[in-house]
Amino acid sequence: MSRLYVARNLKVAARSLGGEMMIMSGRDSTLFTLNRTATIIWQAADGTTTLQEIVEHRICPEFEVEPAQALADAETLARELASHEILQVSENPIPPAKHSTGTDTHAGDSR
Amino acid sequence: MSALMHEMGAKALALGIPLAVQVDLTFRCNERCVHCYLDHDDHGEMTTAEIKHLLEEMAEAGVFILTLSGGEIMLRRDFFEILEHARRLMFCVKLKTNGVLIREREAARIRDLGVESIQISIYSHRAEVHDAITLVPGSLKRSVDAIRFLKAQGLKVVIANVLMTQNMSDYQGVRSLADELGVTATLDPTVTPMMDGNRSTLQFAVGESSLQQVFRDESLVGNVEEFCSLPAGPDAGDLDMLPCSAGHTACYVSPYGDVYPCVQFPLPTGNVRKQRFIDIWRFSDQMNDVRSIRLRDMPSCSQCVHGGTCTRCPGLAYMEGNMRGPSTQDCEKSFARTGVPSVNLLSKKRAPAGLVQIQGAPSLAGATA
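Residue numbers (this note's numbering), protein chains in the order written: chain A, 1 to 111; chain B, 112 to 480.
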């Protein structure tokens, strides 16, 4: 069972545009857009929920995917986002950063 | 602009989302630039709480790029509190400042808060020229020091240089300074009338021969022949073109909460102290009037050979008296670029006789260093 925790990197800029996250890297201002699946993971990445829980409770009910495959794909995606410093990935819970007050509402869909 | 940002802009336009907003935190300033379009008194700036509330409304509305400007932003004692709140809301924050109050500590704080870029105005590489424009002795040194402090923190800094009669011969020096500092530099020959309509600042705008010189500087415009080529006149697609992003995916909020289509377009559309930001954005009659403008609705510009390629600013046109009319400053740029007078200039009989026409095919929106 995966105990991978994911948290949004608060150094980025982020906003939902029509249901998809647009994210600007805090490292080099590169702009990324996340597809629907990646957006769900990003929005649920609070540092205390495991990736497996996100896949089980947020991805699988919405998409017709086999859970084990969905988790494997999600791990690959999470590590890729981590390589761009968009997400943080850890085998332990990730405490909120000092200036974080929770951004679900404002990073969420504006429509 | 990256292809992806362009795509996001198109998506925001289709969804009616204000992707980018400039908020001026104050009109107060510690410089007194001779060409500035603002008065520098405080007529009742928004409080810290009001600005924080506005930022929350803007985040809800989908604003992604937030430019904090002024006046001088660092004169607000609550500047870092506002900046921190903006970053907590995950805006992509850009700052415009003269940098005079930025030292090592401030630069480090700006870095810690994840600011995307900082634009600093530099008018000349020579202190006697720069300081004579800001009217503050020592200001060039302070601004350049600020750039060094910010660069030392790994931040992206952009030098903004407004081309005027006083510094016309110095733009290459500013570019060299930018190279030495490891930052980029922009050059803009547009001088804006004051927001109250006073046009006295236009006395500092460079003349036609200077514009011609700039538009034929390969280091600025790239392919001169292409940049200065003769326009073909607007086609059917051009006639349905939007003038610019003002009111479509961008707007401006003054320190007093007034919302305008753009910082350079002082058409009042509402006030966030009385209405929600999103309601002004969506339902203001004035904002929707601005949105309705297409080239085909402009009696003069739709008939002009420059119609499809001109950098016409609807805000400058508005300040000239008609937002569906021409902007004479942009007519002059088109003329300096191509040697072909606009319909507007011909009607004013302002096109000098005997100017040599330049060859080529224009599309660039301005000279950028």
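Glycine included, each C-beta is placed from N, C-alpha and C at the ideal position. It should be emphasised that the depicted structure is a prediction, and the values quoted were computed from it without experimental measurement.
Query	Result
Per-residue burial, GLU245 (chain B) [other beta carbons within 10 Å of its own, 16 or more giving buried]	Here residue 245 (chain B) turns out to be Thr, not Glu, going by the sequence shown. Answer is buried; the Cβ neighbour count reaches 16.
Exposure label - ASP281 (chain B); buried when at least 16 CB within 10 Å	buried
Beta strand (DSSP E) runs contained entirely in the segment 341–426 of chain B, provided each spans 3 or more residues	361–364, 369–371
Burial state of GLY182 (chain B), where buried means 16 or more other Cβ atoms lie within 10 Å	buried
CA nearest to the CA of PHE376 (chain B), picked from B:SER235, B:ARG423, B:GLU337	B:ARG423
Partner residues on chain A for SER113 (chain B), Cβ-Cβ distance less than 9 Å	THR30, LEU31
Chain A contact for LYS385 (chain B) (CB, 8 Å cutoff)	no
Beta carbon of PRO96 (chain A) nearer than 8 Å to that of GLY19 (chain A)	no
As assigned by DSSP and simplified to three states, the class of ARG327 (chain B)	coil
For ARG36 (chain A), the three-state DSSP class (helix, strand or coil)	helix
Contact list for LYS267 (chain B) against chain A, beta-carbon separation under 7 Å	SER29
Contact check, ILE162 (chain B) vs LEU194 (chain B), beta carbons under 8 Å	no
Contact set between LYS122 (chain B) and chain A, taken where Cβ atoms lie within less than 7 Å	LEU17, GLY18
Closer than 8 Å to chain B by CB, ALA14 (chain A)	yes
Three-way DSSP call (helix, strand, coil) for VAL490 (chain B) in this model	Because chain B here runs from 112 to 480, residue 490 (chain B) falls outside it and cannot be looked at.
Residue environment, ASP441 (chain B), which counts as buried when at least 16 other CB atoms sit within 10 Å	buried
Sub-8 Å separation of GLN397 (chain B) and VAL454 (chain B) beta-carbons	no
Within-8 Å CB hit, CYS362 (chain B) to chain A	no
Run of the beta strand (DSSP E) containing ARG15 (chain A), from where it starts to where it stops	13–17
Residues near ALA361 (chain B) in its chain [Cβ-Cβ closer than 6 Å; skip 5 each side]	ALA131
Sufficient close CB pairs (3 or more, under 8 Å) joining the segment 281–291 of chain B to the segment 137–152 of chain B	no
Straight-line Cα distance separating GLU118 (chain B) from VAL6 (chain A)	28 Å
Distance between beta carbons of VAL226 (chain B) and GLN277 (chain B), contact taken as under 8 Å	Between VAL226 (chain B) and GLN277 (chain B) the Cβ distance is about 30 Å, and since that is not below 8 Å, they are no contact.
Three CB pairs or more closer than 8 Å across the segment 340–356 of chain B and the segment 184–203 of chain B	no
Where LYS205 (chain B) sits in the DSSP three-state scheme	strand
Spatially closest choice to PHE315 (chain B) from B:GLN264, B:LEU124, B:PRO300, by CA coordinates	B:PRO300
Segment contact, 8 Å Cβ cut-off, at least three pairs: the segment 383–402 of chain B with the segment 330–337 of chain B	no
Below-8 Å beta-carbon distance, THR103 (chain A) vs any chain B residue	Low per-residue confidence applies at THR103 (chain A): pLDDT is 40, beneath 50, and the placement is therefore not dependable, though the value from the model is reported in the following sentence. Yes, its Cβ sits closer than 8 Å to a Cβ of chain B.
Candidates B:GLU171, B:GLY120, B:ILE233, of which the one nearest LEU274 (chain B) by Cα	B:ILE233
Close beta carbons around ASN382 (chain B), own chain, < 6 Å, minus the five adjacent residues each side	GLY368, ASP369
Contact with chain A by GLY293 (chain B), beta-carbon distance below 8 Å	no
Integer Cβ distance of ILE41 (chain A) from LEU77 (chain A), believed to fall under 8 Å	7 Å
Distance CB(SER411 (chain B))-CB(GLY436 (chain B)) smaller than 8 Å	yes
PRO61 (chain A), buried or exposed, once every other Cβ within 10 Å from all chains shown has been counted against 16	exposed
Buried or exposed by the 16-neighbour rule on C-beta atoms within 10 Å, applied to GLN69 (chain A)	exposed
Residue range of the unbroken alpha helix (DSSP H) whose run includes THR159 (chain B)	159–172
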